[in-house]
Amino acid sequence: MDKAILIFIQENIRADLWTPILMLITNMGHYGAIWIAMTIVLALRPATRHQGILALISLLFCGGIAACIKHLVMRPRPFLQMPDLIPLGHLPHSFSFPSGHTVCAFAAAFILWRTCQGWQRYFFMVFAVIMAFSRLYAGVHYPTDVLAGIIVAFAGSSLVWHFRSTLFSSR
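Mapped onto our numbering, the consecutive letters of the sequence shown carry residue numbers 214 to 384.
Shown next, in the form of structure tokens:
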């Protein structure tokens with residue numbers, strides 16, 4: 214099913230209109246860069262300091278978990294296993310499972326969903342979904358890599374959320 218979904222995306226969804234947009238989004242996610250930048254901006258503003266710090270902790274914690282899982286599972290990238298798949302953009306040399314872009318995006322977005330109000334919470338979550346999809350669109354992750362990334366981010370960010378009062382308690 215993983216392979217069929219990637220081929221379907223390549224043959225039916227890739228288009229000249231979407232490719233530059235989705236490649237920009239996927240490039241913004243390298244090493245969690247855009248998410249780290251957004252959380253630092255939030256952390257520097259007094260009104261959103263705790264939100265930003267909590268989201269950054271979640272992002273770094275979940276990113277570390279994902280890096281460990283990648284080295285345990287050692288799943289090759291789909292473009293290395295599927296001769297018919299034409300990858301787009303930068304071809305990562307790291308392992309595929311789970312998607313690091315997805316982990317970082319959702320690790321921050323899950324915390325920001327809980328702490329933001331109104332349109333902001335939707336913005337972060339929609340941006341995370343688009344970033345996750347961009348990895349499939351580029352042909353650099355299997356759908357199960359992306360799904361696992363969401364699960365890792367949910368579990369890790371839930372732990373961070375659970376211990377938030379400990380993180381911000383006065384000593």
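Cβ atoms here follow ideal geometry from the backbone N, Cα and C, with glycine treated the same way. As the structure is a prediction and not an experimental result, all values here were calculated from the model.
Is Thr379 buried or exposed, if buried means 16 or more other CB atoms sit within 10 Å of its CB? exposed
Nearest neighbour of Leu293, chosen from Val286, Lys283, Ala279, Phe308 [CA to CA]: Phe308
Residues in its own chain within less than 6 Å of Leu325 by CB, not counting five upstream and five downstream? Ala268, Phe337
Going by the beta-carbon positions, is the gap between Cys385 and Gly242 smaller than 8 Å? Residue 385 lies beyond the range of the chain shown here (214 to 384); nothing can be said about it.
Here's a check: name, in chain order, each residue in its chain whose Cβ is nearer than 8 Å to the Cβ of Arg288, leaving out the five neighbours to either side. Phe308, Ser309, Phe310, Tyr355, Asp358
Inter-residue CB distance, Gly352 and Leu219 (contact presumed, cutoff 8 Å): Right, the Cβ-Cβ distance comes to about 6 Å (below 8 Å), so this counts as a contact.
Tell me where the alpha helix (DSSP H) around Ile222 begins and ends. No alpha helix (DSSP H) holds Ile222; DSSP gives it neither H nor E.
In the structure shown, what three-state DSSP assignment does Pro233 receive? helix
With a cut-off of 8 Å on the beta carbons, I'd call Thr252 and Leu272 a contact; round off their distance for me. With 8 Å as the limit, Thr252 and Leu272 qualify as a contact, their Cβ atoms being about 6 Å apart.
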